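Beneath this line is the structure, given in structure tokens, with notes to follow.
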Amino acid sequence: MSTFELVLRNALHKRARAVFTIGSVVVAFLLLGLLLPLERLLQSRVDLANANRLITTHKASLMRPLPLGHGERIAELPGVEAVSHFTFFGAFYREPGNPVAALATEPARFAQMVEEVRFHSPAQLAAWIGDPASIAVGRQLAQRLDWKVGDLVPLYSSIYPRADGKPVWTFRIATIFDAAGEQGSTDSMVLHHRHLDQARAFGQGTVGWFALRVAPQHSGSVAQAVDQLFARSPNETSTVTEKAFAQSFLRQVGDFGAMISLALALVFWTLLLITGNTMAQAVRERFCDIAVLKALGCSAERVAGLILLESLFIVGTGGLLGLLLANLAIPLVAAQTHQLLSALQASWHDWALGLSLMLGVALAISILPALRALRQPVSEGLNEALA
Amino acid sequence: MNLKDQPQGAGYISLRGVSKDYQKGRVTVPVLDRVDLEFGQGEFVALMGRSGAGKSTLLNLIGGLDQPSAGEVWVHGLCINRLPRRQLSAWRGAHVGLIFQFYNLLPALSARQNIELPLLLLGLPARERQARTEAALALVGLQDRGSHRPVELSGGQQQRVAIARALVADPPILLCDEPTGDLDQANGLHIMEILRLLHVEQGKTILLATHDPQVAGYAQRTLRLDALRLRQGVPA
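Which chain is which? The protein sequence lines are A and B, in order. Going by the working numbering, the first residue of the first sequence is number 3, and it counts up by one from there. Going by the working numbering, the first residue of the second sequence is number 34, and it counts up by one from there.
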């Protein structure tokens, strides 16, 4: 028998209790392993936002369109290097439960301004720019829906009905693009704004928002100049950096970072209460056994060490199992939840934080039982057998 | 006084003016009052007296499980009640074997693992631990029950495991607190026969607390305790 086996046997002596306690630890660390990558993914989308790009939206709301003509006036402002625009298409494929991220834009400007995507074939890129009814599709979306260059794709729009009354928008896939960086998502598609504008039933001559390329040192003055240009007009604007735009977009759903932190804090507080109570009860029930250990020559400090090891075993087993399950679940979650979560990935950072938390929880829940075991006189513990 | 500066003419185990009081709420209950006692090396002594007379308290003090309220406990030239806590634990593990009325085996461990435990605490290598454990199991006649847990053993078998555990580290002193108190007569006599052999063949110093005159009859001499004072008894 080794010290580890002694710890193991004590920890698993009451099997049902040990299983339930380890189970609660598994759930807590499973949540940790799922929520940390989610928080990182959402944060990375903000981080990826380019500081040399500004976004101009309607001052009242992102959902209010802006006149297309604003773009030409913005482009004339000093410090503005290039201007493009985007409009949500609200696409879904075959059924409403199968949404597809689709934006309408000017293809030539898109290829020029958006550095996060890469087109491999200049010929295909040219074909896309030249054909208003064609689309460029991201690699992840093409793989997910088994689309190829040349395919005709029928799509529905939850925002824009066609002016001719037909329910389906049909596009030909002209090219497939990849992400320039490792973390970029390509679960999306881009269509011609000109085509959308001509065929839609309403909203002609408007766009969702403008994207401006500027020199980073001029971003503040350009943003101010754009908003001043349209001040007191029917379509006042709000110009912010792309990072701020991404953050405000996420905040429309909620402050994810704060929500995730709060959820994890509550989970781990509950875990501390459950495992702390279990450990205290387990040690209280074994006061006589602890007194026997001391009577056999085990120092009080070593007894405290055994209690800590027992806590570490319970929390460590559950924690490692939970993180492992999270790592197995992440690719499944990413595959099932398209677009936003498709780039969900585990990281060694999660394991490092998880291991630190395991150690912290084990220490926290063993302090009180260990102190009590340290102070308990041997004769008093032995007398409990007689009680 | 130095830890090893034992008074001249003292025995193997000496109690010098030892008192022990317990605090029960606001009331102080004296159990032993200025007791002077000597036990020789290799002696087998029975401690008798009514419940609360201080038999277990005396054993606890000699085993270093409890501290005297006053006085000194000397064992083989060492004042054990002045040893630091950690040193006292190590000393007890190497020098004292304890046998309790209710066996006090760890329920999560098998008989073999219970016996091995003191050796693990002493830090002996695995091979030596295994050899000594098997020898101790054989000594108490339980070679075939080593893998059983305490709940799977009878009272007599559990007490034999407890004796094996007390012996496995080969301590010179055995402190037995009512070792037959929870056993039927046949099992009790079996246990006493084992203790007698340990005394005769291995020269262990055995101090045994009991209510039973028949059990006390196995000892070389008997000490009778009454509350507060300790009276020298009649040799067995």
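In this text, a Cβ means the ideal position worked out from N, Cα and C, and glycines have one as well. These numbers were taken from a predicted model, which means no experiment stands behind them.
Item	Value
Can you list, in chain order, the residues of its chain with a C-beta nearer than 7 Å to that of LEU216 of chain B? Leave out the 5 residues immediately preceding and following it.	GLY188, GLY189, GLN192 and ILE224
Determine the direct distance from the alpha carbon of PHE94 of chain A to that of HIS72 of chain A, and round the result to whole angstroms.	29 Å
Using beta-carbon positions only, say whether SER368 of chain A and SER313 of chain A come within less than 8 Å of one another.	yes
List the residues that DSSP assigns as beta-bridge partners of ALA106 of chain A.	A:THR89 and A:LEU193
Of the choices A:LEU323, A:PRO134, A:PHE179 and A:LEU370, whose alpha-carbon is the least far from that of VAL21 of chain A?	A:LEU323
In the DSSP output, which residue or residues are listed as bridge partners for ALA205 of chain A?	Note on residue identity: the sequence assigns Gly, not Ala, to residue 205 of chain A. Looking at the DSSP assignment, GLY205 of chain A forms no beta bridge with any residue, so it has no partner.
Which residue from A:ARG55, A:VAL151, A:ALA260 and A:GLN226 puts its Cα closest to that of MET191 of chain A?	A:VAL151
Give a yes or no on contact between the region 166 to 179 of chain B and the region 319 to 333 of chain A, applying the rule of three or more CB pairs nearer than 8 Å.	no
Out of A:SER187, A:SER63, A:THR208 and A:ALA364, state which residue places its alpha-carbon closest to the alpha-carbon of PHE270 of chain A.	A:ALA364
Is the shortest distance between the beta-carbon of ASP245 of chain B and the beta-carbons of chain A less than 8 Å?	no
Starting from the Cα of ARG160 of chain B, find the closest Cα among A:GLU108, A:LEU64 and A:SER4 and give me that residue.	A:SER4
Report the residue ranges of all beta strand (DSSP E) runs contained in full by the region 141 to 182 of chain A; include only those spanning at least 3 residues, in chain order.	154 to 159 and 171 to 181
Are the C-beta atoms of ILE123 of chain B and some chain A residue less than 8 Å apart?	Just to set this straight, residue 123 of chain B is Ala in the shown sequence, not Ile. Closer than 8 Å: yes.
Between PRO379 of chain A and chain B, is the shortest Cβ-Cβ distance under 8 Å, so that the two count as touching?	yes
For the beta strand (DSSP E) that contains LYS53 of chain B, what are its first and last residues?	46 to 57
Give the interface partners of GLU203 of chain B over in chain A, defined as CB-CB distance under 9 Å, in chain order.	The sequence given here has Asp at residue 203 of chain B, not Glu. None at all; the shortest Cβ gap to chain A is about 13 Å.
I want to verify the contact list: residues of chain A whose CB lies under 9 Å from the CB of ASN137 of chain B, in sequence order.	CYS290, ASP291, ALA293, VAL294, ALA297, LEU384 and ALA387
Which residues, in order along the region 145 to 171 of chain B, keep a beta-carbon less than 7 Å from a beta-carbon of chain A?	GLN146, GLU149, LEU150, PRO151, LEU153, LEU154 and LEU155
Are three or more beta carbon pairs between the region 132 to 149 of chain B and the region 114 to 123 of chain B nearer than 8 Å?	no
Closest to ALA182 of chain A by CA distance: which of A:VAL139, A:ASN237, A:ARG120 and A:VAL242 is it?	A:ARG120
What residue does the alpha helix (DSSP H) around LEU228 of chain B start on, and which one ends it?	218 to 235
Could you spell out where the beta strand (DSSP E) holding VAL248 of chain B opens and where it closes?	Premise fails: VAL248 of chain B lies in the alpha helix (DSSP H), 246 to 249, not in any beta strand (DSSP E).
Determine whether the Cβ of THR23 of chain A lies closer than 8 Å to any Cβ atom of chain B.	no
Against chain B, with Cβ distances strictly below 8 Å, would ASN12 of chain A count as a contact?	yes
Measure the CB-CB distance between TYR158 of chain A and PRO169 of chain A and report whether it falls below 8 Å.	yes
Would you say the beta carbon of VAL21 of chain A is closer than 7 Å to some non-hydrogen atom of the ligand SAH?	No copy of the ligand SAH appears in this structure; indeed no ligand is present at all.
Are the C-beta atoms of ALA103 of chain B and some chain A residue less than 8 Å apart?	no
In whole angstroms, give me the CA-to-CA distance for VAL155 of chain A and LEU68 of chain A.	29 Å
Is the Cβ of ALA260 of chain B closer than 8 Å to any Cβ of chain A?	Unreliable placement is indicated for ALA260 of chain B, whose pLDDT of 42 sits below 50; no coordinate value is reported for it.
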